[in-house]
Amino acid sequence: MLALPVGSVSAQKEFVMKYVARRDSSGVKGTDPRYIGLPKKGWTVVLNPTFEQMRLTMRSHYSNTAGEYGDNEVDYDTYLKINPRVTSSLGLWVGYHGIGFGYGVALNGKNGMNMLLNMASSSYGLNVRFRRFHYSNPIFEISNFTVNGTNHGALLPQQEVDLQNPMKITSLVVDGFWIFNKRKFSYSAAYNQSTRQLRSAGSIIAGLMFYFQKYDLKLDFSSSIFSDRNENFGFLTANNIGGFEMYQGSIGLGYTYNWVPGRNWVINLTAMPVLTVVNKLHAHQIDLDFRDDGDVTEDDFTLVEKEAKTNNGGVKLNLDLQMAAVYWHKDWFFKVTGQAHRFQGTYDLVTAKYFDWNVRASVGYTF
């Protein structure tokens with residue numbers, strides 16, 4: 002457009018109008034106009050309050066033989082739960098037919114980084130979630146404490162532990178899928194309002210998912226396990242694992258459906274079971290080191306880091322679930338969307354489970 006002569010105002014205007022028309026029509030190209038249409042106005046401003054939470058739990062079994070750390074055989078089960086409070090943020094988005102820019106600010110839970118990216122088109126959907134935060138108050142339990150075959154029940158009833166040195170949790174979830182029935186079904190009608198679903202329709206979807214989780218107890222290997230830091234806790238929990246990285250790659254086949262119960266309404270449900278074909282857990286184990294210098298003190302008991310090991314957890318079945326409900330009133334729309342993920346990984350006698358969810362309520366205006 003800049004290459005046109007300065008005096009060719011009408012030519013410039015015609016060029017812009019053609020580009021806008023082509024951009025508008027691309028959203029409904031090849032679709033059935035009885036099922037999919039365009040909003041009357043292209044520009045949109047949206048206010049997005051978002052609420053979200055994650056949960057990581059680990060169960061493990063510990064067993065030692067007589068003579069390893071004493072004359073007794075000891076067995077016990079441990080349970081660890083990391084469950085931060087619900088966090089909230091407020092975002093503002095401005096764009097044209099689904100393409101634009103947004104920015105959000107955290108309202109609480111400002112102890113780390115939290116990013117959410119969603120993309121929706123007539124052919125695909127893409128969601129990216131990244132979290133990184135520190136956590137000081139896990140729930141911990143030691144149960145079925147058995148000595149030489151005698152079960153003494155719960156050595157440590159389930160309770161909150163206050164860690165002086167907060168553990169560090171990082172997670173990344175990426176899921177995307179391809180939509181096969183884009184002639185009658187519009188994913189963007191439910192998730193970014195660049196199109197309108199006029200009649201109920203659905204589509205088979207096929208997708209990929211990647212999951213990464215890092216758990217770091219932030220251990221100090223120069224400290225005694227009887228210190229007030231994390232070392233004593235680290236030796237007891239998760240079968241002597243001081244940290245791990247979990248990687249999962251999955252393929253999925255599912256279904257997405259837009260239900261139009263009445264004029265100006267669309268309700269979407271997307272469910273995609275995913276089969277995990279890459280499932281690795283890289284564990285950093287720790288052990289107890291006793292230095293006998295003739296005068297035994299608490300400082301003689303320290304932790305040492307053993308060689309890290311990788312475990313292939315085998316094939317797992319997980320679930321990717323999304324929902325949305327949208328109502329239009331003239332140039333305004335009101336929307337609620339939600340998504341949930343669940344993953345599981347194993348290492349030796351340790352089972353780690355991850356679950357997260359987010360809900361976003363939106364108020365938008367088109368002009």
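Note that the working numbering has the sequence shown beginning at 2, numbered continuously upward.
Here a beta-carbon is modelled for each residue, glycine too, at the ideal position from N, C-alpha and C.
All figures in this text were calculated on a predicted structure; none of them were measured in a lab.
Rounded to whole angstroms, what is the Cα-Cα separation between residue i and residue j?
i: Q198; j: F131; result: 30 Å
i: A22; j: F334; result: Low confidence applies here, because A22 scores a pLDDT of 49, under 50, leaving its location unreliable and the question unanswered by this model.
i: G113; j: G244; result: 19 Å
i: V279; j: E74; result: 36 Å
i: T370; j: R86; result: Limits of the chain in this structure are 2 at one end and 368 at the other, which puts residue 370 out of reach.
i: K354; j: L57; result: 6 Å
i: S363; j: N149; result: 60 Å
i: R60; j: G263; result: 47 Å
i: T32; j: T277; result: 34 Å
i: R133; j: I170; result: 6 Å
i: L108; j: T51; result: 10 Å
i: T79; j: M120; result: 40 Å
i: I287; j: H330; result: 60 Å
i: L270; j: I206; result: 12 Å
i: T88; j: L320; result: 23 Å
i: S122; j: R343; result: 25 Å
Can you say whether residue i is buried or exposed, counting buried as having 16 or more other CB atoms within 10 angstroms of its CB?
i: Q159; result: exposed
i: M116; result: exposed
i: E53; result: buried
i: G365; result: buried
i: K336; result: buried
i: V275; result: buried
i: P40; result: buried
i: F141; result: buried
i: R361; result: buried
i: H285; result: buried
i: G253; result: buried
i: L81; result: buried
i: N314; result: Before going further, note that residue 314 is Gly rather than Asn in the sequence given. The residue in question, G314, is buried, as its Cβ has 16 or more Cβ neighbours within 10 Å.
Which first and last residues belong to the alpha helix (DSSP H) in which residue i is found?
i: A325; result: Not the alpha helix (DSSP H): A325 falls in the beta strand (DSSP E), residues K317 to H330.
i: Y192; result: S189 to Y192
Beta-carbon within less than 7 Å of residue i's beta-carbon, same chain only, minus the 5 sequence neighbours each way: which residues are those?
i: D229; result: Model confidence at D229 stands at a pLDDT of 46, short of 50, so the residue's coordinates are unreliable and nothing is read from them.
i: V129; result: L118 and V175
i: S195; result: G28, H98, G99 and S189
i: S201; result: N259, W260 and V261
i: Y328; result: N265, W266, F334 and F335
i: G177; result: Y125, G126, L127, G208 and L209
i: S64; result: D76
i: S90; result: T51, G105, V106, A107 and L108
For a quick check, are the C-beta atoms of residue i and residue j less than 8 Å apart?
i: M210; j: S144; result: no
i: L282; j: T347; result: yes
i: D433; j: K42; result: Lying before the first or after the last residue shown, residue 433 is absent from the chain, which here runs from 2 to 368.
i: K317; j: Q345; result: yes
i: I242; j: V351; result: yes
i: Y192; j: Q249; result: no
i: I37; j: S187; result: yes
i: A309; j: I268; result: no
Ordered along the chain, which non-local residues of its own chain (more than five positions away) have a Cβ less than 8 Å from that of residue i?
i: L93; result: V46, V47, L48, N49, G103, Y104 and G105
i: M168; result: I83, H135, Y136, S137, P139, Y216, D217, L218, K219 and N231
i: S124; result: W179, I180 and K183
i: V95; result: W44, T45, V46, V47, G101, F102 and G103
i: G339; result: Q323, M324, A325, W358, N359, V360 and R361
Report all residues from its chain with a CB closer than 6 Å to the CB of residue i; omit the five preceding and five following residues, and keep chain order.
i: F146; result: Y77, H153 and L156
i: A272; result: G255 and L322
i: A341; result: L322 and W358
i: Q214; result: S172, M247 and Y355
i: M55; result: D357
i: K185; result: D33, Y36 and A202
i: Y62; result: Note on residue identity: the sequence assigns His, not Tyr, to residue 62. Around H62: D78 and L350.
Which residue marks the beginning of the beta strand (DSSP E) containing residue i, and which one marks its end?
i: Q249; result: I242 to W260
i: K310; result: K310 to N313
i: K219; result: No beta strand (DSSP E) contains K219, which DSSP labels as neither H nor E.
i: H135; result: Y125 to Y136
i: T196; result: No beta strand (DSSP E) contains T196, which DSSP labels as neither H nor E.
i: A155; result: That residue, A155, is in no beta strand (DSSP E); it is neither H nor E in DSSP.
i: E74; result: Careful: E74 lies outside any beta strand (DSSP E) and carries neither H nor E.
i: P85; result: No beta strand (DSSP E) holds P85; DSSP gives it neither H nor E.
i: G113; result: G113 to A121
i: D33; result: Premise fails: D33 is in no beta strand (DSSP E) and is neither H nor E.
i: N109; result: Run containing N109: none; DSSP gives neither H nor E here.
i: R361; result: V351 to T367
i: P50; result: W44 to N65
Measuring only from the beta carbon, is residue i closer than 7 Å to any heavy atom that is part of the ligand GDP?
i: A121; result: The ligand GDP is not among the ligands present in this structure, which contains no ligands whatsoever.
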